[in-house]
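Numbering (this note's numbering), first residue to last: 7 to 302. Glycine is no exception: its CB is placed at the ideal position from the N, C-alpha and C atoms. Values in this document were obtained by computation on a predicted structure and should not be read as measured data. Taking it in order: structure first as structure tokens, then the write-up.
Structure below.
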């Protein structure tokens with residue numbers, strides 16, 4: 007059984023197939039058309055040890071559109087609270103013969119470990135600061151819908167990159183599809199990397215085609231990095247004044263800190279694709295579930 011732990015678990019050809027399926031699903035949703043219930047009688051378990059609005063709801067809607075049954079396990083009431091290990095929890099769930107288990111955990115590496123102990127497909131819905139593969143896939147889909155060909159396009163990833171699983175997954179995936187990734191962040195938020203990087207948005211604003219703003223991951227900071235989020239915003243908030251009339255696509259994985267990550271003005275701008283990302287997330291996750299569960 008194939009798992010999705012990182013974006014590089016899929017080849018370019020597999021990703022192109024997922025994007026093609028997502029395009030069909032997206033068109034059907036927009037046209038109000040139905041779907042073949044290809045996951046009828048399939049069972050999917052969601053196991054989230056971190057809070058989630060978009061990702062969890064998106065997976066559940068994706069599964070239901072394809073006819074699957076969703077079983078939500080409340081991690082706060084699971085047997086892990088009684089001392090059961092995560093591996094034992096996964097093995098016990100797997101013994102009930104689900105077709106997939108969607109896992110989010112605050113510790114990096116948990117989905118990979120669980121995938122070594124299950125017959126069901128493990129889908130990583132975000133693990134610590136490590137990876138968030140379906141977010142990167144939906145970002146790729148959103149950009150390909152806009153540009154078609156991404157080869158040679160430049161994207162600036164802005165914000166708390168060091169603590170961002172979204173950044174990690176997008177750097178790997180978008181680079182494979184020919185995009186040049188530029189990192190923009192204060193020194194304490196920049197990872198060690200060979201990628202082009204800067205501490206100043208003004209240095210790259212005239213050369214990029216896309217800006218991906220990231221949420222400041224305060225829950226992952228061991229100490230306070232800025233005097234206040236307002237101070238951070240004065241340097242790294244994506245504003246109308248910064249972008250001007252440039253033809254730049256604005257992305258954000260959510261949740262958005264308004265006027266810290268992106269200004270209210272730009273969130274209402276047609277160049278901002280945040281809600282398109284959310285819509286595309288359902289289509290991409292439908293395509294991922296189809297691939298992993300039906301092996302097609």
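### Query
Of the choices 194, 296, 255, whose alpha-carbon is the least far from that of residue 216?
Measuring from the Cα of residue 216, the nearest candidate turns out to be 255.
### Query
Leaving out five residues before and five after residue 84 in sequence, what residues of the same chain have Cβ atoms less than 7 angstroms from its Cβ?
Scanning its chain for C-beta atoms nearer than 7 angstroms, with the 5 sequence neighbours on each side dropped, one finds around residue 84 the residues 95, in chain order.
### Message
I'd like to check one pair, residue 28 with residue 295: are the Cβ atoms closer than 9 angstroms?
### Response
No, they are not a contact pair.
### Task
Spell out the partners DSSP gives residue 44 in its beta bridges.
Its beta-bridge partners do not exist; DSSP assigns none.
#### Entry: Close-in-space but distant-in-sequence residues of the same chain around residue 252 (CB under 6 angstroms, 5 per side omitted)
Within the same chain, residue 252 has no close Cβ partners at all.
### Task
Figure out for me which residue from 137, 180, 43 has the closest Cα to the Cα of residue 67.
Nearest in C-alpha terms to residue 67, of all of 137, 180, 43, is 43.
### Message
By DSSP's criteria, residue 80 is part of a beta bridge. Which residues make up the other side?
### Response
Residue 80 has 54 as its beta-bridge partners, per DSSP.
#### Entry: Start and end residues, alpha helix (DSSP H) containing residue 97
Counting along the chain, the alpha helix (DSSP H) containing residue 97 begins and ends at 92-100.
### Task
Would you be able to state if there are at least three C-beta pairs under 8 angstroms between the segment 143-162 and the segment 98-118?
Verdict: no, contact absent.
### Query
Measuring CA to CA, which of 185, 187, 200, 206 is closest to residue 193?
Comparing C-alpha distances from residue 193 to each of 185, 187, 200, 206 shows the shortest one belongs to 206.
### Query
Are there three or more Cβ pairs, one per stretch, closer than 8 angstroms when the segment 85-92 is compared with the segment 37-51?
Contact fails: fewer than three Cβ-Cβ distances are below 8 angstroms.
### Query
By Cβ distance, which residues of its chain are closer than 6 angstroms to residue 132, with the 5 residues on each side in sequence left out?
Excluding positions up to five away in sequence, the list reads 110, 138, 171.
### Residue from 198, 55, 7, 274 whose Cα sits closest to the Cα of residue 78
When only C-alpha atoms are compared, the closest one is 55.
### Coarse secondary structure for residue 156, derived from DSSP in three states
Residue state, collapsed to three classes: coil.
#### Entry: Rounded separation between residue 235 and residue 120 - CA only
Spanning the two alpha carbons is a distance of roughly 36 angstroms.
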